[in-house]
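Asks:
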Amino acid sequence: MTDPQYSDKILELAERYNYAPFMIKQIMINFPDEHLAVINAFSRQPRETIRINTLKITPEKLKILLEKKGFRVKPTQFDYAFQVDSSQSRIGLGNTHEYLQGFYYMQSLASMVPVHLLYPEPGDNILDMCAAPGSKTTQIGQFLKQEGLIIAIDNKESRIAALSSNVKRMGINNCVIFPYDSSQIAKFLKPMFIPDKILLDAPCTGSGIIRVDPHIKKAKNDLNIKRMVQIQKSLLKSAIEMLKPGGLLMYSTCSFHYQENEELIAEILKKYRNIEIIEPNADFGHPGFNNIENKSFGMELLKTRRIYPNRDDMDAFFYSLLKKKY
Numbered sequence: 001m002t003d004p005q006y007s008d009k010i011l012e013l014a015e016r017y018n019y020a021p022f023m024i025k026q027i028m029i030n031f032p033d034e035h036l037a038v039i040n041a042f043s044r045q046p047r048e049t050i051r052i053n054t055l056k057i058t059p060e061k062l063k064i065l066l067e068k069k070g071f072r073v074k075p076t077q078f079d080y081a082f083q084v085d086s087s088q089s090r091i092g093l094g095n096t097h098e099y100l101q102g103f104y105y106m107q108s109l110a111s112m113v114p115v116h117l118l119y120p121e122p123g124d125n126i127l128d129m130c131a132a133p134g135s136k137t138t139q140i141g142q143f144l145k146q147e148g149l150i151i152a153i154d155n156k157e158s159r160i161a162a163l164s165s166n167v168k169r170m171g172i173n174n175c176v177i178f179p180y181d182s183s184q185i186a187k188f189l190k191p192m193f194i195p196d197k198i199l200l201d202a203p204c205t206g207s208g209i210i211r212v213d214p215h216i217k218k219a220k221n222d223l224n225i226k227r228m229v230q231i232q233k234s235l236l237k238s239a240i241e242m243l244k245p246g247g248l249l250m251y252s253t254c255s256f257h258y259q260e261n262e263e264l265i266a267e268i269l270k271k272y273r274n275i276e277i278i279e280p281n282a283d284f285g286h287p288g289f290n291n292i293e294n295k296s297f298g299m300e301l302l303k304t305r306r307i308y309p310n311r312d313d314m315d316a317f318f319y320s321l322l323k324k325k326y
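For the sequence shown, the UniProt record's numbering gives the first residue as 1, with consecutive numbering after it.
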């Protein structure tokens, strides 16, 4: 007996691509004109990419070292990142001396974009609210060039060890790590620390990283979406409270569900009149949705950015750069 809430097309695609019907429906809602291309993109192996730690080595020197080990190295749109083909090397990227010395971090390109758009500058005070295991924390450190301060927070003590290890391996000397609930961080840090910029790479459903974790395509309902939205809302409230007037907040997720992204940001704009969306000063991604499923979020949401797996050959990410006006 077929499920009445799903069309025959949804059920056929779910069976063909081994998805839960719910997830096929969500892909069709969020990518109505290119859902098949998105599904096929999610079926491809992700590119292997690394972020070069320019605090320790130049891209040119690292390229030479990796090629000596049999890796094939290609440039990317970031001058501090390589695409790497390790099929001809006898050693994995995570086992080289260069990796252990902190010359690079194994990180997807889409994961590098939030910090790139936030653009920390030497001397900035930065709060990284959901920091572990440290990919973006160490990227912030790279941008700061050891000037300024990073406060890195994570509420899972089991992940703090990995965060601390990566910060040390990458040679970030201006980072202080705290195990704490970021939704309550203002009680802990204010008024001692008022950040110039905040990174909130929020916990999410992970629907955009199906290539990395295929189990995600088996989600059966929207319960996890609703749960994550409540967590994200609480974290955004805390971030806005912490941020200094005139400061910038980067909100990002690795989810394609609009409820965790444009709809949530639209709600934040209505609630907090001192918050506005800033159009990123970089040519990455595509405009976010200003309407979907008969819901209208306003033209401002076109200033947010999405990464499409089929168009960009990356994981599906969402980015919104926010400014606290006063």
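Note that beta-carbon positions come from the ideal geometry of N, C-alpha and C, so glycine has one too.
According to DSSP, simplified to helix, strand and coil, what is isoleucine 172?
Replies: If DSSP states are grouped into helix, strand and coil, isoleucine 172 belongs with coil.
Asks: Within the same chain, show all residues whose beta-carbon is closer than 6 Å to that of glutamine 77, passing over the 5 residues directly before and after it, in chain order.
Replies: Hits under 6 Å: none found.
Asks: Counting Cβ pairs closer than 8 Å, one from the stretch 278-296 and one from the stretch 205-220, do we hit at least three?
Replies: Segments in contact, no.
Asks: On a Cα-Cα basis, can you pick out the residue from Leu264, Phe256, Leu243 that is closest to proline 32?
Replies: Taking only the C-alpha atoms, the option nearest proline 32 is Phe256.
Asks: What does the alpha-carbon distance come out to for the pair glycine 94 and tyrosine 105?
Replies: Roughly 9 Å between the two C-alpha positions.
Asks: Note down the Cα distance separating leucine 269 from proline 245, rounded to an integer number of angstroms.
Replies: Roughly 16 Å separates the two Cα atoms.
Asks: Quick one: give me the first and last residue of the alpha helix (DSSP H) that leucine 109 is part of.
Replies: Start and end: 109-118.
Asks: Taking the C-alpha atoms as reference points, what is the distance between serine 234 and methionine 28?
Replies: Whole-angstrom Cα-Cα distance: 29 Å.
Asks: Please state if the CB of isoleucine 50 and the CB of phenylalanine 82 are separated by a distance shorter than 8 Å.
Replies: Yes. Within cutoff.
Asks: Determine the contact status of proline 120 and lysine 197, defining contact as a CB-CB distance below 8 Å.
Replies: Closer than 8 Å, so yes.
Asks: My assumption, with CB atoms under 8 Å, is that residue 328 sits in contact with leucine 117. Please give the rounded CB distance.
Replies: There is simply no residue 328 to check, as the chain begins at 1 and stops at 326 in what is shown.
Asks: For the beta strand (DSSP E) containing leucine 207, list its first residue and its last residue.
Replies: One detail in the question is off: residue 207 reads as serine in this sequence, not leucine. No beta strand (DSSP E) contains serine 207, which DSSP labels as neither H nor E.
Asks: Excluding the 5 residues flanking asparagine 221 on each side, which residues of the same chain have their C-beta closer than 8 Å to its C-beta?
Replies: If we look at asparagine 221 and ignore the five residues flanking it on each side, its Cβ neighbours are Phe22.
Asks: Provide the residue span of the beta strand (DSSP E) that contains glutamine 83, from first to last.
Replies: That run of the beta strand (DSSP E) goes 81-85.
Asks: Report all residues from its chain with a CB closer than 6 Å to the CB of lysine 218; omit the five preceding and five following residues, and keep chain order.
Replies: Cβ neighbours of lysine 218 beyond the five flanking positions: Ala20.
Asks: Using 8 Å as the threshold, is the stretch 57-74 in touch with the stretch 146-157, meaning 3 or more CB pairs across them?
Replies: With a cut-off of 8 Å, the stretch 146-157 and the stretch 57-74 do not count as touching, because too few Cβ pairs lie within range.
Asks: Are the CB atoms of serine 182 and cysteine 254 nearer to each other than 8 Å?
Replies: For serine 182 and cysteine 254, no; Cβs fall outside 8 Å.
Asks: Going by the beta-carbon positions, is the gap between methionine 299 and isoleucine 307 smaller than 8 Å?
Replies: Going by C-beta atoms, methionine 299 is not nearer than 8 Å to isoleucine 307.
Asks: Using beta-carbon positions only, say whether lysine 295 and glutamate 263 come within less than 8 Å of one another.
Replies: It is a contact, given that the beta carbons lie within the stated cut-off.
Asks: Within its chain, find whatever has a CB closer than 6 Å to the CB of isoleucine 194; leave out the 5 residues flanking it on each side and keep chain order.
Replies: Same-chain partners within the cutoff: Lys244.
Asks: Please classify glutamine 139 as buried or exposed, where buried requires at least 16 other C-beta atoms within 10 Å of its C-beta.
Replies: Glutamine 139 should be labelled buried.
Asks: On a CA-only basis, which of Pro191, Phe297, Glu12 is nearest isoleucine 277? Give me that one, please.
Replies: Checked all of Pro191, Phe297, Glu12; the closest Cα to isoleucine 277 is Phe297.
Asks: What residue range does the alpha helix (DSSP H) around lysine 323 cover?
Replies: No alpha helix (DSSP H) holds lysine 323; the beta strand (DSSP E) holding it covers 318-324.
Asks: Using beta-carbon positions only, say whether isoleucine 177 and leucine 163 come within less than 8 Å of one another.
Replies: Yes, the Cβ-Cβ distance between isoleucine 177 and leucine 163 is below 8 Å.
Asks: Taking the alpha-carbon of glycine 102 as reference, which of Ile225, Pro214, Asn173 has the nearest alpha-carbon?
Replies: Comparing Cα-Cα distances from glycine 102 to each of Ile225, Pro214, Asn173, the minimum goes to Asn173.
Asks: Identify whether aspartate 8 lies in helix, strand or coil by the three-state DSSP scheme.
Replies: The answer is helix: DSSP assigns aspartate 8 an H, G or I state.
Asks: Cα-Cα, which of Tyr180, Asp85, Ile210, Cys175 is closest to tyrosine 17?
Replies: Residue Ile210 is the option with its Cα nearest to tyrosine 17.
Asks: Provide the residue(s) that pair with phenylalanine 178 in DSSP beta bridges, ordered along the chain.
Replies: Ile153.
Asks: Going straight from the alpha carbon of isoleucine 225 to that of lysine 156, what length do you get?
Replies: Roughly 21 Å separates the two Cα atoms.
Asks: Please report the straight-line C-alpha distance between lysine 187 and glutamate 98, rounded to a whole angstrom.
Replies: Their Cα atoms are separated by approximately 40 Å.
Asks: In whole angstroms, what is the alpha-carbon distance linking glutamine 88 and leucine 223?
Replies: Answer to the nearest angstrom: the Cα atoms are 44 Å apart.
Asks: Could you tell me the alpha carbon to alpha carbon distance between glutamine 232 and isoleucine 185, rounded to whole angstroms?
Replies: For glutamine 232 and isoleucine 185, the distance between alpha carbons rounds to 14 Å.
Asks: Taking the straight line between their C-alpha atoms, what separation do you get for arginine 47 and proline 114?
Replies: Roughly 19 Å separates the two Cα atoms.
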